[in-house]
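To start, the structure itself, in structure tokens.
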Amino acid sequence: MAQGGSMAKRCWSCGIACGVVVLIAARVLASEGQGKNGWQWTPLLSDRARVEVVSWFAPPPGRTSADAEDYSFYANQLRFGGEVTWQFVQFIAEGQYTQLLGLPEDASLPPPEGNLGPGAVYFAHTRRHNQGEVFLKRGFVALRGSEALPELSVTLGRFEYSDGLETLPKDASLAWLKRARVAERLVGPFGYTHVTRSFDGLRAGWDQARWNLTAMVSRPTQGGFEISANPELRDISLAGLAWTLKEQPELFPVDARLFWLYYEDQRDNALKVDNRPREIRAADRKDIAIHTVGLHALGVVPLEVGKADYLVWLAVQRGRWGDLDHAAWAWSLEGGYQLPSLFAQPWLRVGYTQTSGDTNPNDNQHETFFQMLPTARVYAQTPFYNLMNVEDFFAQVLLRPHAQVNVRADWHWLRVNDSRDLWYAGGGASNARIFGFSGIPTGGHRELAHLADFSIGWNIHRRLTAYAYYGHAFGQNVVGRTFTGKQLDYAYVELTARY
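Start counting the sequence shown at 2; every next residue gets the next number (the numbering used here).
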């Protein structure tokens, strides 16, 4: 514990020093004639502080110390760097320092319970109560908007990537749908976590007024719940291609995309998580190689009173899961109605998501939909589940009582799709040893939980935002098969400042 605290202090001092250097450099460059000869320097500096309070599903007596599922911890994420642009060339270098304090030491259990909440997941990666480390978050050169090829953009280096956000619509409702209900289902920077992830590789795009074509090849970095986020995960490869139909001037706001993603995992020491017996999984050292083909379509339809929206998302997977053939699927259908003319601009939405589960642990097929490298919390606000072997029927209301305040309330009815498979959670590979997803036996049940949650965001100032979240899960039979306490509470408050 003392060693972790000492490291945290050293990393914190280093992070502060780097941030101060960046600010001083920005001021000096600005005073010396920023913008001369066509170049421009922009400092990058932000800080996010968060307190998380957890009361997870309670394990049976004797599995760990009493009340181990109840804890709180503090986290801080400092980013610092700069951006230089010259004509059609952009260079970004951005570092990040993440500090975690007060992680629970007794909430990481062996199977079947596993880690009791996000604080326990952080602790399980390093076994340190306090953690802190500085690393390169982004560092790339980008070419875009040249006179010879204005449609072409190329990015080389370390960058963030979000599947589904290859383009962003101008319509505000369409943009929210794309950010909150399409993006990062399969690949994302995992921004909910305090460490996050990046991608080392190449991204290229060809952008027209009506459509966009984007290609990407990369390797993810460590990160997510792993504090050491500078190393690259050399045994994992990712590639993707997306064609997006953008908003058409003659139509109501629409957005559609066809995509292909390829994920390959050659790690030797990460035990695969599926419904086979442990000894069989331990003997399976073959690679995972999965192709995913899918589409999304969403639109906002103006009506005489208010406007309606729709969203369709689906994906099909084929490939290899170690010794097994892999074949899986997932789909979502959502709709909503909003009244912008009323106070708080109420927006009501409902939706249903279903993803495949494995029907037989003893055959040569793996049928569990694999979420790859997502930002899982976008679709599981209280992160005790994800989009693998799940059925999720939800209703939500979005309110904007003030120009600077956004309110959201959701209710989810959660079931596992196939009771012969597992109850899955997690957000993808974080280091070379830990697979990145967890699985708990269902005991032959399907009812997982009912989840009610509430969040509020407040733009206090153009450089300062606050956010608060609370979720309560009412565990059902699947939860009760493993845990004696079937109620879960999760809350956090965060403050983000941007330079």
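Yeah, the Cβ is synthetic: ideal placement off N, Cα and C, and Gly gets one too.
With a threshold of 16 other CB atoms inside 10 Å of the CB of residue i, please say whether the residue is buried or exposed.
i      : result
Glu114 : buried
His403 : exposed
Phe74  : buried
Arg463 : exposed
Ala474 : buried
Thr197 : buried
Pro60  : buried
Pro112 : exposed
Leu117 : buried
Ala210 : exposed
Asp377 : Strictly speaking, residue 377 in this sequence is Ala, with Asp absent from that position. Burial call: buried.
Ala67  : exposed
Lys171 : exposed
Ala173 : exposed
Ala149 : exposed
Asp364 : exposed
Gln78  : buried
Glu251 : exposed
Tyr493 : buried
Arg28  : Low local confidence applies: a pLDDT of 49 at Arg28 is under 50, so the model's placement there is unreliable, with the coordinate-based value given in what follows. Arg28 is exposed by the Cβ-count criterion.
Ser199 : buried
Just to confirm my understanding: we take residue i, look at its own chain, exclude 5 residues before and 5 after, and list those with CB closer than 7 angstroms. What are they?
i      : result
Phe89  : Leu144, Arg145, Gly146, Ser147
Tyr72  : Val55, Pro105, Ala108, Gly120
Val480 : Phe58, Leu449, Ala450, Lys487
Asp285 : Lys273, Gly323, Asp324
Ile461 : Ala467
Round the Cβ separation of residue i and residue j to the nearest angstrom and send it over; I've been treating them as touching at under 8 angstroms.
i      : j      : result
Leu449 : Arg416 : 6 angstroms
Ala329 : Phe371 : 6 angstroms
Trp165 : Ala184 : The sequence shown places Gly at residue 165, rather than the Trp named in the question. Between Ala184 and Gly165 the Cβ distance is about 4 angstroms, and since that is below 8 angstroms, they are a contact.
Phe436 : Val188 : Contact flag wrong, Cβ pair sits at about 17 angstroms.
Thr99  : Glu134 : 6 angstroms
Thr443 : Trp414 : At roughly 16 angstroms, the Cβ-Cβ gap does not stay under 8 angstroms, so Thr443 and Trp414 are not in contact.
Asn213 : Lys247 : 6 angstroms
Tyr311 : Leu296 : Not a contact, Cβ separation roughly 14 angstroms.
Ile291 : His327 : 6 angstroms
Asp490 : Tyr470 : With 8 angstroms as the limit, Asp490 and Tyr470 do not qualify as a contact, their Cβ atoms being about 11 angstroms apart.
Phe226 : Ser431 : 5 angstroms
Arg321 : Ile289 : 7 angstroms
Gly96  : Pro44  : With a Cβ gap of about 12 angstroms, Gly96 and Pro44 do not count as contacting.
Arg220 : Asp201 : 5 angstroms
Quick one: what's got a C-beta closer than 6 angstroms to residue i's C-beta in the same chain, skipping five residues either side?
i      : result
Leu399 : Trp348, Arg409
Phe92  : Val85, Val142
Arg268 : Asp236, Ala433
Ala381 : Asn387
Val406 : Trp459
Ser333 : Trp314, Thr354
Trp244 : Leu214, Leu259
Leu496 : Ala50, Ala467
Trp412 : Ala396, Ala453
Pro232 : Gln223
Asp393 : Thr354, His413, Leu415
Leu203 : Leu157, Val218
Ala1   : Lying before the first or after the last residue shown, residue 1 is absent from the chain, which here runs from 2 to 500.
Which residue or residues does DSSP assign as beta-bridge partners of residue i?
i      : result
Phe141 : Ile93, Gly158
Glu448 : Arg416
Lys273 : None; Lys273 has no bridge partner.
Arg350 : Gly337, Gln397
Ile441 : Trp424
Gly460 : Note on residue identity: the sequence assigns Asn, not Gly, to residue 460. According to DSSP, which records beta bridges pairwise, Asn460 is partnered with Thr466.
Arg499 : Ser47
Asp326 : Arg321, Gln366
His130 : Answer is none; His130 lacks a bridge partner.
Gly476 : Ala450
Val135 : Tyr98
Ala492 : Val54, Tyr471
Asp71  : Ser56
With respect to 7 angstroms, is the separation between the Cβ of residue i and the closest non-hydrogen atom of the ligand FMN below this value?
i      : result
Val301 : What this structure holds is no ligand at all, so the ligand FMN is not there to describe.
If you drop the 5 nearest sequence neighbours on each side, which residues of the same chain put their C-beta closer than 8 angstroms to that of residue i?
i      : result
Pro278 : Pro362
Asn390 : Thr356, Ser357, Gly358, Asp359, Thr369, Phe370, Val417, Asn418, Asp419, Asp422, Leu423, Trp424, Tyr425
Arg401 : Ala345, Gln346, Asn407, Val408
Pro303 : Phe253
Met373 : Leu187, Val188, Leu239, Leu262, Tyr264, Ile291, Thr293, Gly429
Lys287 : Arg321, Gly323, Asp324
Gln249 : Arg211, Val255
Asn270 : Ala433, Arg434
Original post:
Along the chain, which unbroken stretches of the beta strand (DSSP E) at least 3 residues long are found entirely within the region 75-115?
Top reply: If you keep only unbroken beta strand (DSSP E) runs of at least 3 residues inside the region 75-115, you get 90-102.
Subject >> Whole beta strand (DSSP E) elements within the region 373-423, 3-residue minimum >> reply: 391-403, 406-417
Original post:
Curious, which full-length beta strand (DSSP E) runs of at least 3 residues does the region 167-214 contain?
Top reply: 200-208
**OP:** Entirely within the region 253-315 and at least 3 residues each: give me those beta strand (DSSP E) ranges in chain order.
**Re:** Within the region 253-315, the complete beta strand (DSSP E) runs of at least 3 residues are 255-266, 289-303.
Subject >> Continuous beta strand (DSSP E) assignments of at least 3 residues falling wholly in the region 219-248 >> reply: Fully enclosed beta strand (DSSP E) runs of 3 or longer: 237-246.
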